[in-house]
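Below: one structure, written as structure tokens.
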Ligand SMILES: Nc1nc2c(ncn2[C@@H]2O[C@H](COP(=O)(O)OP(=O)(O)OP(=O)(O)O)[C@@H](O)[C@H]2O)c(=O)[nH]1
Ligand SMILES: [Zn+2]
């Protein structure tokens, strides 16, 4: 019998995808509490019929259930509080720039639900009390916000704003460079176009010299 997307999926399954986004520990509730997999399955079956396909043919029988599981995973960030990612901070005598470059970003644009993909570069200057966060937490933050229906501008500023709020740093800079499949696969059909967005806060915003230094590290070419 065909496996249903609504069946329990084991310890490593959908139940824990949202929890894994935060810290790899099983702290989240079951996906079924908040994602209606059966409803997604039904909708995908309707879409297949509407585009002129036969959802009962061999290759498509499992597709609605697969798409439901895929969407649960792709939108897992809707069920995670991003602030939890930054609950671990450390004291450090470092009051200069900390920058993580080339963090892989994959998200879905909220206009077409098609992917956009590229790199995130995140830098911050710790505040006077010198609190820093784990480097991996910056990548986790990208992941939580990216696994939601997004526009690149909001994704960029959400990351910057939460870092400002939770780390109270002197400044933050977030730059995203992405290619949007909605511009490549359909519509204007221009592949290769890179959209660059930035969100700059605090001293990095106010002081052109610090901002230029950070930008030179982020976009050296
Ligand atoms: N600013 C911004 N626009 C985006 C993003 N992702 C997709 N878009 C754009 O959203 C717009 C939606 O425009 P509409 O005219 O409502 O939709 P459309 O007819 O599908 O537009 P075309 O893509 O031009 O065919 C398009 O111009 C997309 O390129 C994003 O992350 N940020
Ligand atoms: Zn789009």
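In the UniProt record's numbering, the protein residues as written are 1 to 221. Don't be surprised by glycine CBs; every beta carbon is placed ideally from N, CA and C. A quick note: this is a predicted structure, and the numbers were derived from the prediction, not measured.
Check the DSSP bridge columns for residue i and list the partner residues they point to.
{"i": "residue 178", "result": "118, 195"}
{"i": "residue 150", "result": "109"}
{"i": "residue 80", "result": "Note: residue 80 sits in no beta bridge, so no partner."}
{"i": "residue 131", "result": "91"}
{"i": "residue 200", "result": "173"}
{"i": "residue 124", "result": "98, 172"}
For the beta strand (DSSP E) containing residue i, list its first residue and its last residue.
{"i": "residue 102", "result": "98-109"}
{"i": "residue 89", "result": "89-91"}
Starting from the C-beta of residue i, find all residues in its chain whose C-beta is less than 8 Å away, skip the five residues before and the five after it, and write them out in chain order.
{"i": "residue 179", "result": "116, 117, 118, 191, 192, 193, 194, 195"}
{"i": "residue 60", "result": "48, 53, 54"}
{"i": "residue 153", "result": "197"}
If contacts are defined as beta-carbon pairs under 8 Å, then residue i and residue j qualify, I think. What distance do you get, rounded to the angstrom?
{"i": "residue 173", "j": "residue 214", "result": "5 Å"}
{"i": "residue 175", "j": "residue 219", "result": "7 Å"}
{"i": "residue 125", "j": "residue 170", "result": "4 Å"}
{"i": "residue 62", "j": "residue 108", "result": "Actually they do not touch by this definition, with Cβ atoms about 22 Å apart."}
{"i": "residue 141", "j": "residue 162", "result": "7 Å"}
{"i": "residue 123", "j": "residue 99", "result": "4 Å"}
{"i": "residue 210", "j": "residue 204", "result": "5 Å"}
{"i": "residue 199", "j": "residue 157", "result": "4 Å"}
For the alpha helix (DSSP H) that contains residue i, what are its first and last residues?
{"i": "residue 215", "result": "208-218"}
{"i": "residue 64", "result": "63-74"}
{"i": "residue 51", "result": "Premise fails: residue 51 is in no alpha helix (DSSP H) and is neither H nor E."}
Tell me which same chain residues have a C-beta within less than 7 Å of the C-beta of residue i, skipping the five on either side of it?
{"i": "residue 41", "result": "5, 64, 65, 68"}
{"i": "residue 222", "result": "Outside the displayed range of the chain (1 to 221) lies residue 222, so it cannot be described from this structure."}
{"i": "residue 148", "result": "75, 77, 78"}
{"i": "residue 144", "result": "21, 77, 80, 82, 85"}
{"i": "residue 105", "result": "117, 118, 119, 120, 142, 146, 176, 178"}
{"i": "residue 96", "result": "125"}
Ordered along the chain, which non-local residues of its own chain (more than five positions away) have a Cβ less than 6 Å from that of residue i?
{"i": "residue 44", "result": "64, 67"}
{"i": "residue 206", "result": "none"}
{"i": "residue 101", "result": "121"}
{"i": "residue 177", "result": "118, 119, 194, 196"}
{"i": "residue 34", "result": "79"}
{"i": "residue 139", "result": "103"}
{"i": "residue 184", "result": "191"}
{"i": "residue 222", "result": "With the chain covering 1 to 221 only, the question about residue 222 has no answer from this structure."}
{"i": "residue 112", "result": "182"}
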